[in-house]
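Down below is the structure, laid out as structure tokens.
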Amino acid sequence: MSVSRRQALQIGGVGVIGALGLAVPLSSVDAKSASQLDARNMPKLYQRTLPIPPVLAPKSTTVGADGKKVHLYQIEQTACMGNIVPGLSTPLLGYNGLVPGPTIKVNQGERITLEMDNILPLFHPQWGYRLDTSTHLHGSASLPQYDGYANDLTGRGLCKDYEYPNHQPARTLWYHDHAVHNTAQSVYSGLAGQYHLHDEAERNLLPQGKFDVPLTISDAMFARNGSLGYNDNTHSGLWGDIILVNGAPWPVMKVQRRIYRFRILNASISRSYRFQLSTGDPVTMVGTDGGLMPSAQQVTSWRQAGAERYEILIDFSKYPVGKRVELRNLSNKNNVDYDYTGRIMAFDVTGDPVDTSGPAAKVMPTLLTGSHVMNLTPSQSVKTRRMRLKRDGDIWTIGGMTWDEVMKSGYKKVLADPDLNDIEIWEFENSSGGWFHPLHIHLVDFKVLSRNGRPPFPYEQGPKDVVYVGEGETVRLLMQFGPHRGRYMIHCHNLPHEDHDMMGQFSVGYDPNDADPNDPIEAVKPHPIGEVVPVPGGAAADEEETPTSETTATAEATATQTAQPTQPSGSSAATETAAPVTTQPADQKDVVTITTARHRLNKDITFAGTSRYSGTATSANVVLYDVTPGRTATRIGTASINSLGNWTWTTKPGPSRQVTMVRADSSRGGTATASVRTD
Ligand SMILES: [Cu+2]
Numbered sequence: 235m236s237v238s239r240r241q242a243l244q245i246g247g248v249g250v251i252g253a254l255g256l257a258v259p260l261s262s263v264d265a266k267s268a269s270q271l272d273a274r275n276m277p278k279l280y281q282r283t284l285p286i287p288p289v290l291a292p293k294s295t296t297v298g299a300d301g302k303k304v305h306l307y308q309i310e311q312t313a314c315m316g317n318i319v320p321g322l323s324t325p326l327l328g329y330n331g332l333v334p335g336p337t338i339k340v341n342q343g344e345r346i347t348l349e350m351d352n353i354l355p356l357f358h359p360q361w362g363y364r365l366d367t368s369t370h371l372h373g374s375a376s377l378p379q380y381d382g383y384a385n386d387l388t389g390r391g392l393c394k395d396y397e398y399p400n401h402q403p404a405r406t407l408w409y410h411d412h413a414v415h416n417t418a419q420s421v422y423s424g425l426a427g428q429y430h431l432h433d434e435a436e437r438n439l440l441p442q443g444k445f446d447v448p449l450t451i452s453d454a455m456f457a458r459n460g461s462l463g464y465n466d467n468t469h470s471g472l473w474g475d476i477i478l479v480n481g482a483p484w485p486v487m488k489v490q491r492r493i494y495r496f497r498i499l500n501a502s503i504s505r506s507y508r509f510q511l512s513t514g515d516p517v518t519m520v521g522t523d524g525g526l527m528p529s530a531q532q533v534t535s536w537r538q539a540g541a542e543r544y545e546i547l548i549d550f551s552k553y554p555v556g557k558r559v560e561l562r563n564l565s566n567k568n569n570v571d572y573d574y575t576g577r578i579m580a581f582d583v584t585g586d587p588v589d590t591s592g593p594a595a596k597v598m599p600t601l602l603t604g605s606h607v608m609n610l611t612p613s614q615s616v617k618t619r620r621m622r623l624k625r626d627g628d629i630w631t632i633g634g635m636t637w638d639e640v641m642k643s644g645y646k647k648v649l650a651d652p653d654l655n656d657i658e659i660w661e662f663e664n665s666s667g668g669w670f671h672p673l674h675i676h677l678v679d680f681k682v683l684s685r686n687g688r689p690p691f692p693y694e695q696g697p698k699d700v701v702y703v704g705e706g707e708t709v710r711l712l713m714q715f716g717p718h719r720g721r722y723m724i725h726c727h728n729l730p731h732e733d734h735d736m737m738g739q740f741s742v743g744y745d746p747n748d749a750d751p752n753d754p755i756e757a758v759k760p761h762p763i764g765e766v767v768p769v770p771g772g773a774a775a776d777e778e779e780t781p782t783s784e785t786t787a788t789a790e791a792t793a794t795q796t797a798q799p800t801q802p803s804g805s806s807a808a809t810e811t812a813a814p815v816t817t818q819p820a821d822q823k824d825v826v827t828i829t830t831a832r833h834r835l836n837k838d839i840t841f842a843g844t845s846r847y848s849g850t851a852t853s854a855n856v857v858l859y860d861v862t863p864g865r866t867a868t869r870i871g872t873a874s875i876n877s878l879g880n881w882t883w884t885t886k887p888g889p890s891r892q893v894t895m896v897r898a899d900s901s902r903g904g905t906a907t908a909s910v911r912t913d
């Protein structure tokens, strides 16, 4: 496979085609880098501290009729700037202006309503497609209307309230964009974050708190100006030369001499990894996509494709103070590798006092916990279905189907129609030698029975929802369909494959021609941001018809919060009721100031300020509120913080209300209030 000049020209998108094409055409996959950065802007290994995404705090928490907590969360999808490469800023899309998005943590049985606000630009600033979004919580058995169905789109100025039941066993999930035909570029631009479901078994067995570390790994390529490049080699795959962990290139983490737990998510849109420690020592694998394995596995290296999650334990007590342990990547067939794609991150063992609190600080667990799916046996299966994963001309197909065909059928065409609670074996064959496919089935956890007739790898012997179907491989999977009826997607998680057009659907528990009370597109519609949200966990009311996206430039300025009257001082009470709040590690202080607050009557409103941060988060935003005394707090806009920590926000001419006081809340937790000068 070689990269043609035409494909090389695609790097960096519309804005930089000319400069890139002339300067550094990529002639082959042997190119030493995919990025076009000047040497001084090229990140170096192990210079950055590993950023830890903040844990999102709920906007409110109530107690449901069942006595369990019900949390309301709010996330704004925004354009933002990241500091990824030295000396340059990178335009990104973020959840609350963060890449990756904030981590959501929840206990089993506690329900979540997630209000997902789309305040992105109408069109992608680099690639021009319309930024309608659909949010999938990957790993959750959500109802179809909350599962992020590709065509269940939320346009700019609208929000959708997603309901997550969290009844499953503890696991590492992730939320990411799933918009039809644009998932690859939207996830690549930053729309991905981790979501941790905890339960009692897991809390008693595995490290918690700061010893429970999310590692979201991705790869990227950059244009000379620091913006993201994009080249998916005619939808085969995007192979970046810069490896990011939690949004930082090749970071370092200081560790105590004890056991740590790492939740490794491969959020690369195409690249698969074969991870190994530089010491050659095994890690202790304890969790797969669907949660804890029945027993821990000692694993020296493992391959991990897009969307797969593995939870590993590393015991740093066996290394001397000052030792650097690297997480490396030995790669797999049909990835394109560059000089430093074999490196991921480093752990530096410190002589700091060792905190041995919590489970598994010093002793590795061996027996973990069983699960419903791992206890299933093939003899319980009522049906075996076989599907091939292949390329047909310009498009990728799954069981001979494409998503385009599903759309053209009015979303009725299905690959399979198991009855509710049926147990089936699904077999996937990839007879090509030229590519691998991470196959993801929504709704269910499955057990990998075999690969090419042999047992699955030791590290796959836990509940899964993505399986690596490698070159020339046939995998057999066992699963039970439930607990919901309805239509769910199945697709390749090499996202350029998914978008072109390797996705189908299956229907659980009824005839797809019947009326569907849980129709993934029709059952719950998006509504304008700021409208009263349904009672968390309750039945979602039918919404009024929604405004067109074009009206939203002013909708943003007039949307009102359903908040209590606000204390103009910006006290904590006001913050809790009116704004999304993020928490962050205590050593990361965010200081927000407002330097300009000006309102020209019947003309524009301008605010500017700074947001200084001691940590290494890649990006953030501020949300601005009108907190004029005597008036209900009103969100009036969002501004991205640039690489220097500055932000500005200006309305278009038009707002007539006089604003006398404004509050700016950073997505990293800080807040500031200022009087507004009226001209
Ligand atoms: Cu694929």
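Numbering (the numbering used here), first residue to last: 235 to 913.
Even for Gly, the Cβ is constructed at its ideal location relative to N, Cα and C.
Problem - Beta-carbon proximity list for P692, same chain, < 7 angstroms, skipping 5 on both sides - result: What you label residue 692 is simply residue 458 of the sequence shown in a count that begins at 1. Around P692: Q531 and V533.
Problem - Any heavy atom of ligand 1 nearer than 6 angstroms to the CB - residues listed - result: W630, H671, C726, N728, H731 and M736
Exercise for the section: Just the C-alpha distance for R505 and T862, rounded to the nearest angstrom, thanks. Expected result: If you number the sequence shown from 1, residue 505 lands on position 271. If you number the sequence shown from 1, residue 862 lands on position 628. Those two C-alpha atoms are separated by around 50 angstroms.
Problem - N-terminal and C-terminal residue of the beta strand (DSSP E) that L729 is part of - result: On the sequence shown, residue 729 is found 495 positions in, with the first residue counted as 1. Careful: L729 lies outside any beta strand (DSSP E), inside the alpha helix (DSSP H) at L729 to D733.
Practice task
Check each candidate in I870, V304, R619 and D745 and name the one with the smallest Cα separation from H401.
Solution key: The sequence position of residue 401 within the sequence shown is 167, counting from 1. For the residues I870, V304, R619 and D745, the minimum Cα distance to H401 belongs to V304.
Handout entry: Boundaries of the alpha helix (DSSP H) in which E344 is found, first to last residue
Key = Locating residue 344 in the sequence shown gives position 110, counting from the first residue. Premise fails: E344 is in no alpha helix (DSSP H) and is neither H nor E.
Exercise for the section: Excluding the 5 residues preceding and the 5 following W669 in the sequence, name in chain order all residues of the same chain whose CB lies nearer than 6 angstroms to its CB. Expected result: By 1-based counting over the sequence shown, the position of residue 669 is 435. Around W669: N568.
Handout entry: At least three beta-carbon pairs within less than 8 angstroms, the stretch 375–386 to the stretch 748–766
Key = Pairwise C-beta distances place the stretch 375–386 in contact with the stretch 748–766, as three or more of them are shorter than 8 angstroms.
Exercise for the section: In angstroms with no decimal places, state the Cα-to-Cα distance between R688 and A539. Expected result: Residue numbering aside, residue 688 sits at position 454 when the sequence shown is read from its first letter. Residue numbering aside, residue 539 sits at position 305 when the sequence shown is read from its first letter. Going from the Cα of R688 to the Cα of A539 covers about 20 angstroms.
Exercise for the section: Indicate whether R491 and S551 have their beta-carbon atoms separated by less than 8 angstroms. Expected result: As a first step, residue 491 is located in the sequence shown; it is residue number 257 there, counting from the start. As a first step, residue 551 is located in the sequence shown; it is residue number 317 there, counting from the start. In contact: R491 and S551 (Cβ atoms closer than 8 angstroms).
Exercise for the section: Could you pull out every residue in the same chain whose Cβ sits closer than 6 angstroms to the Cβ of E560, ignoring the five residues on either side in sequence? Expected result: Within the sequence shown, numbered from 1, the residue matching residue 560 stands at position 326. Same-chain partners within the cutoff: S512 and A580.
Problem - Where the beta strand (DSSP E) containing V517 begins and where it ends - result: Position 283 of the sequence shown, counted from the start, is the residue given in the question as residue 517. Element bounds for V517: V517 to T522.
Practice task
Decide yes or no for the touch test of the stretch 442–461 against the stretch 597–614: beta carbon pairs closer than 8 angstroms, at least 3 of them.
Solution key: no
Handout entry: Beta-carbon spacing of V520, L440 below 8 angstroms
Key = Start at 1 with the first residue of the sequence shown, and residue 520 comes out as number 286. Start at 1 with the first residue of the sequence shown, and residue 440 comes out as number 206. Contact flag set, yes.
Practice task
Please name the residue or residues paired with F740 in a DSSP beta bridge.
Solution key: The residue labelled residue 740 in the question sits at position 506 within the sequence shown. Bridge partners of F740: A650 and Y722.
Exercise for the section: Out of L290, K646, E661 and D446, point me to the one whose CA is closest to R622's CA. Expected result: The residue you call residue 622 lines up with position 388 of the sequence shown. It is E661.
Practice task
If I'm right that E920 touches D366 with Cβ under 8 angstroms, what's the distance once you round it to whole angstroms?
Solution key: Outside the displayed range of the chain (235 to 913) lies residue 920, so it cannot be described from this structure.
Exercise for the section: Using DSSP bridges, identify the partner residues of N664. Expected result: Here residue 664 refers to the residue found at position 430 when the sequence shown is read from its first residue. DSSP output for N664 lists E707 as bridge partner(s).
Practice task
Under 8 angstroms by Cβ, that's how I've got P483 and I318 pegged, so tell me the actual separation to the nearest angstrom.
Solution key: Within the sequence shown, residue 483 is the residue found at index 249, counting from 1. Within the sequence shown, residue 318 is the residue found at index 84, counting from 1. Confirmed, about 6 angstroms.
Practice task
Measure the alpha-carbon distance for L547 versus M527 and round it to whole angstroms.
Solution key: Here residue 547 refers to the residue found at position 313 of the sequence shown. Here residue 527 refers to the residue found at position 293 of the sequence shown. C-alpha separation (whole angstroms): 13 angstroms.
Problem - Neighbour-count burial assignment, L260, 16 or more Cβ in a 10 Å radius - result: By one-based count along the sequence shown, residue 260 stands at place 26. Confidence in L260 is poor, its pLDDT being 37 and thus under 50, which makes the residue's placement unreliable; the coordinate value appears in the next sentence. Looking at its Cβ environment, which holds 16 or more other Cβ atoms inside 10 Å, L260 is buried.
Exercise for the section: Quick one: grab the DSSP three-state call for T907. Expected result: Here residue 907 refers to the residue found at position 673 of the sequence shown. The answer is strand: DSSP assigns T907 an E or B state.
Practice task
Rank G720, T283, D748 and E694 by C-alpha distance to the C-alpha of V479 and give the top, closest one.
Solution key: Within the sequence shown, residue 479 is the residue found at index 245, counting from 1. The residue with the shortest Cα to Cα distance from V479 is T283.
Practice task
Within its chain, find whatever has a CB closer than 8 angstroms to the CB of V421; leave out the 5 residues flanking it on each side and keep chain order.
Solution key: Counting from one through the sequence shown, the residue named residue 421 turns up at place 187. Result list for V421: H410, D411, A501, I503 and L729, in chain order.
Exercise for the section: Inspect the beta-carbon positions of G471 and V333 and report whether they are closer than 8 angstroms. Expected result: Mapped onto the sequence shown, residue 471 falls at position 237. Mapped onto the sequence shown, residue 333 falls at position 99. Taking 8 angstroms as the Cβ cut-off, G471 and V333 do not qualify as a contacting pair.
Problem - Short Cβ contact (8 angstroms threshold) for R345 with K394 - result: As a position in the sequence shown, residue 345 is number 111, starting the count at 1. As a position in the sequence shown, residue 394 is number 160, starting the count at 1. No, the Cβ-Cβ distance between R345 and K394 is not below 8 angstroms.
Practice task
Please name the residue in T324, V340 and Q281 whose C-alpha comes closest to that of P292.
Solution key: The residue labelled residue 292 in the question sits at position 58 within the sequence shown. Here the closest residue by C-alpha is V340.
Problem - Three-state secondary structure (DSSP) of G252 - result: Position 18 of the sequence shown, counted from the start, is the residue given in the question as residue 252. Low confidence applies here, because G252 scores a pLDDT of 29, under 50, leaving its location unreliable; read the following figure in that light. When secondary structure is reduced to three states using DSSP, G252 falls in the helix class.
Exercise for the section: Would you give the residue range spanned by the alpha helix (DSSP H) that A418 belongs to? Expected result: Position 184 of the sequence shown, counted from the start, is the residue given in the question as residue 418. Bounds of the alpha helix (DSSP H) holding A418 are T417 to Y422.
Exercise for the section: For K647, verify whether its CB is less than 7 angstroms away from any heavy atom of ligand 2. Expected result: In the structure on display, ligand 2 does not appear, and the ligands it does have are ligand 1.
Practice task
Starting from K303, trace the beta strand (DSSP E) both ways and give me its first and last residue.
Solution key: Within the sequence shown, residue 303 is the residue found at index 69, counting from 1. Segment K303 to G316, the beta strand (DSSP E) holding K303.
Handout entry: Start and end residues, alpha helix (DSSP H) containing E639
Key = Numbered from its first residue, the sequence shown carries residue 639 at position 405. That run of the alpha helix (DSSP H) goes W637 to K642.
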